[in-house]
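In this text, residue positions in the sequence shown follow my numbering: the first is 80, and each later residue adds one. Comments concern the structure below.
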Amino acid sequence: MRRHFYLIAGFLSIGLGAIGAFLPLLPTVPFMILAAFCFARSSPRLEARLLDHPHFGPHIRRWRERGAISRRGKQAALCAFAFSALLALTLSPWPWFLIPVAAAVIGGSWIWTRPEA
Numbered sequence: 080m081r082r083h084f085y086l087i088a089g090f091l092s093i094g095l096g097a098i099g100a101f102l103p104l105l106p107t108v109p110f111m112i113l114a115a116f117c118f119a120r121s122s123p124r125l126e127a128r129l130l131d132h133p134h135f136g137p138h139i140r141r142w143r144e145r146g147a148i149s150r151r152g153k154q155a156a157l158c159a160f161a162f163s164a165l166l167a168l169t170l171s172p173w174p175w176f177l178i179p180v181a182a183a184v185i186g187g188s189w190i191w192t193r194p195e196a
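Listed below in structure tokens is the structure:
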């Protein structure tokens, strides 16, 4: 039963990552990393396909080995956080805009402190 849960979660992560390839504020690589995690527990063949993928494989391997995020990935994530925080500041009333701003500061700080690949 647990294996099927991980397999379904892996395919859902692949789907969300595919959507994220076309939507600017939805990340792709974190969903692929999650899919690799799920496939490692359900399907070694699918995990190997992700690890051997020419675009996502290096990101997944660097994350597994060192918890590293590429500089370009960091910049993209921080720009997305800044954009969403600015959007919240302009569209949300007081005090509700503080929630996405706090999330952006916390998430952005965590991403900034990860090692670079």
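Glycine residues also receive a C-beta, built at the ideal position from the N, C-alpha and C atoms.
**OP:** Label S188 either buried or exposed according to how many other C-beta atoms from any shown protein chain fall within 10 Å of its C-beta, with 16 as the threshold for buried.
**Re:** exposed
Original post:
Got a sec, what are the start and stop residues for the alpha helix (DSSP H) T169 sits in?
Top reply: 150 to 170
Subject >> Classification of L102 by the beta-carbon crowding that lies within 10 angstroms, buried from 16 upward >> reply: exposed
Subject >> Per DSSP, cross-strand counterpart(s) of E126 >> reply: The partner list for E126 (beta bridge, DSSP) is empty, contrary to what the question assumes.
Original post:
Going straight from the alpha carbon of R151 to that of I190, what length do you get?
Top reply: 12 angstroms
Original post:
Okay, do the region 151 to 160 and the region 126 to 133 touch, 3+ Cβ pairs below 8 angstroms being the bar?
Top reply: no
Subject >> Boundaries (first-last residue) of the alpha helix (DSSP H) holding A100 >> reply: No alpha helix (DSSP H) contains A100, which DSSP labels as neither H nor E.
Subject >> Sequence-distant residues of its chain with Cβ nearer than 6 angstroms to A196 (five each side left out) >> reply: R141, A147, S149
Original post:
Looking only at DSSP bridge pairs, what is E144 linked to?
Top reply: For E144, which the question treats as bridged, DSSP gives no partner whatsoever.
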